[in-house]
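Trainee: Read in order, the letters of the sequence shown correspond to residues 81 to 138 in our numbering.
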Amino acid sequence: MNSAVRRRTFMTTSIWKKLVTAVRGGASEVGESIADANAIRILDQEIRDADNALVKAR
């Protein structure tokens, strides 16, 4: 394989890796924004769960 083909193959692979990384990053941002938007609801539920666990432990 000559150097031009090797370089083009490397660049194509690199572009695909960056694209996949960008998509994964976008998915993480969506998940974080959902969690942020529901932070109080999540915290309230965690408090209820902890209260129930304490009652059960007694």
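From the three backbone atoms N, C-alpha and C, an ideal C-beta is built for every residue, glycine too. Since this is a predicted model, take the numbers as computed values, not measurements.
With respect to the alpha helix (DSSP H) encompassing R128, which residues constitute its N-terminal and C-terminal limits?
Mentor: Numbered from 1 along the sequence shown, position 48 holds the residue referred to as residue 128. Here the alpha helix (DSSP H) through R128 covers A119 to A137.
Trainee: Check the C-beta distance from I122 over to A115 and give it rounded, since I have them as a contact under 8 angstroms.
Mentor: Residue numbering aside, residue 122 sits at position 42 when the sequence shown is read from its first letter. Residue numbering aside, residue 115 sits at position 35 when the sequence shown is read from its first letter. With 8 angstroms as the limit, I122 and A115 qualify as a contact, their Cβ atoms being about 7 angstroms apart.
Trainee: Quick check: the Cα distance between I137 and A107, rounded to an integer number of angstroms?
Mentor: Walking along the sequence shown from the start, residue 137 turns up at place 57. Walking along the sequence shown from the start, residue 107 turns up at place 27. According to the sequence displayed, residue 137 carries Ala and not Ile. Cα-Cα distance, rounded: 38 angstroms.
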